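Visitor: Numbers given in this note's numbering equal positions in the sequence shown, counted from 1, plus 6.
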Amino acid sequence: MDGPPAWAQAPPVASSGTPTDPPAQHQQPQQFAAPPAPVQQQQQQPQRQRAESVNEAGANGMHTPTSLPSTSAVRPASSNVSNSISNASDNQMIIPRTPDEETEDGTIRNREAATRIRDAWIYKQIRARADEFTQYRKAQVFCGTWNVNAKGKDEALDDWLCANWGRNGEHAPDIVAVGFQEIVDLNAVNVAVDNKSQQRSQHWVERIKATLNSAKHTNHDPMRSYTLLVQKYLVGLLVCVFVKNPHRQRVKYVHSDSVGVGVMGVM
Numbered sequence: 007m008d009g010p011p012a013w014a015q016a017p018p019v020a021s022s023g024t025p026t027d028p029p030a031q032h033q034q035p036q037q038f039a040a041p042p043a044p045v046q047q048q049q050q051q052p053q054r055q056r057a058e059s060v061n062e063a064g065a066n067g068m069h070t071p072t073s074l075p076s077t078s079a080v081r082p083a084s085s086n087v088s089n090s091i092s093n094a095s096d097n098q099m100i101i102p103r104t105p106d107e108e109t110e111d112g113t114i115r116n117r118e119a120a121t122r123i124r125d126a127w128i129y130k131q132i133r134a135r136a137d138e139f140t141q142y143r144k145a146q147v148f149c150g151t152w153n154v155n156a157k158g159k160d161e162a163l164d165d166w167l168c169a170n171w172g173r174n175g176e177h178a179p180d181i182v183a184v185g186f187q188e189i190v191d192l193n194a195v196n197v198a199v200d201n202k203s204q205q206r207s208q209h210w211v212e213r214i215k216a217t218l219n220s221a222k223h224t225n226h227d228p229m230r231s232y233t234l235l236v237q238k239y240l241v242g243l244l245v246c247v248f249v250k251n252p253h254r255q256r257v258k259y260v261h262s263d264s265v266g267v268g269v270m271g272v273m
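In structure tokens, the structure reads:
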């Protein structure tokens, strides 16, 4: 036999008894070949697209930064997604908008936009034909105030409320609005407990109503009588509004409220 083949033989041993150095290919660091041209183009494409978008923004007059950070091909996508979500939430907070709907025939419609267009058209048509169903007439309004100094006065109110009505009430106002001040003493008890304020308020409302609807002013004619429209009191203040009976059915959507601007927002 000629002996084992060359590939099966052990490497030669140096005279010092140590194995010989490994081949040179194991001592050199591993080198990688450069990626092919298509891969380089794919890596550079996000930066080129971003640069083109910046140039387009500058052409449209928008402010653009002077330098762009170097990012990978993955980070811009996640950053754009987060920015789009943030911008969408901001737009929803500022301008709420209902989502679009697609009908069976493929038409895109928005309910909110359709409702606004319809309401605007109806309002325009009503204004154009207002003379067909609307009548305007002048109304007389009497406004008066009285500081009663926390006293339940028994004197007559005719000279104050009905002095200018005329002999037969031909100049009687259509609306009577009266405000009272200090219907009760402004002390801690009346501020905390409004029982007295409520009683005094009702007392003055009944007094005014009796004066307006007295026989000498209305001659027992219900069309010349008045109806209480609204009343509101706040500690020592009272406001009450009366309207003539013929106008009551035309007065709608009546609201009243009081705002305390005094001590602790109560008075």
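Virtual Cβ for every residue (Gly too), placed ideally from N, Cα, C. The model shown is predicted, which means the values in this text are computed figures rather than measured ones.
Under a Cβ-count criterion, where at least 16 other Cβ atoms within 10 Å of its own Cβ denotes burial, should histidine 69 be classed as buried or exposed?
Guide: Only weak support is given to the placement of histidine 69: the predicted model assigns it a pLDDT of 49, under 50, and the value that follows is read from those uncertain coordinates. With fewer than 16 other Cβ atoms inside 10 Å of its own Cβ, histidine 69 counts as exposed.
Visitor: What's the C-alpha gap between serine 207 and glutamine 131?
Guide: 46 angstroms
Visitor: At which residue ranges does the segment 99-149 contain complete beta strand (DSSP E) runs of 3 or more residues, listed in the order of the chain?
Guide: none
Visitor: Would you identify the three-state DSSP class for tryptophan 171, choosing helix, strand or coil?
Guide: It is coil, neither helix nor strand.
Visitor: Buried or exposed: which applies to valine 247, given that a residue is buried once 16 or more other Cβ atoms fall within 10 Å of its Cβ?
Guide: Under the 10 Å beta carbon count, valine 247 is surrounded by 16 or more other beta carbons and is classified as buried.
Visitor: Would you report the Cα separation of isoleucine 128 and proline 105, rounded to the nearest angstrom?
Guide: 24 angstroms
Visitor: Just grab the DSSP bridge partners of isoleucine 181 for me.
Guide: As computed with DSSP, isoleucine 181 is found in a beta bridge with Val147 and Val249.
Visitor: Can you grab the Cα-Cα spacing for the pair leucine 192 / arginine 213, in whole Å?
Guide: 22 angstroms
Visitor: Per the DSSP calculation, leucine 234 is bridged to which residue(s)?
Guide: Phe248
Visitor: In angstroms, rounded to a whole number, what distance separates the CA positions of glutamate 107 and asparagine 116?
Guide: 6 angstroms
Visitor: What do you get for proline 239, buried or exposed, if any count of 16 or more other CB atoms within 10 angstroms of its CB means buried?
Guide: Contrary to the premise, residue 239 reads as tyrosine rather than proline in this sequence. Tyrosine 239 should be labelled buried.
Visitor: Can you tell which of Asp227, His226 and Pro252 has its C-alpha closest to the C-alpha of leucine 235?
Guide: Pro252
Visitor: Measure how close the beta-carbons of glycine 145 and aspartate 180 come, nearest whole angstrom, since I'm counting them as under 8 angstroms.
Guide: Checking the displayed sequence, the identity of residue 145 turns out to be alanine instead of glycine. Contact flag correct, Cβ pair sits at about 4 angstroms.
Visitor: Rank Leu167, Glu138, His261 and Ile189 by C-alpha distance to the C-alpha of lysine 215 and give the top, closest one.
Guide: Comparing Cα positions, the closest option is Leu167.
Visitor: Can you tell me whether leucine 243 is helix, strand or coil according to DSSP?
Guide: Here leucine 243 carries a strand assignment [DSSP, helix/strand/coil].
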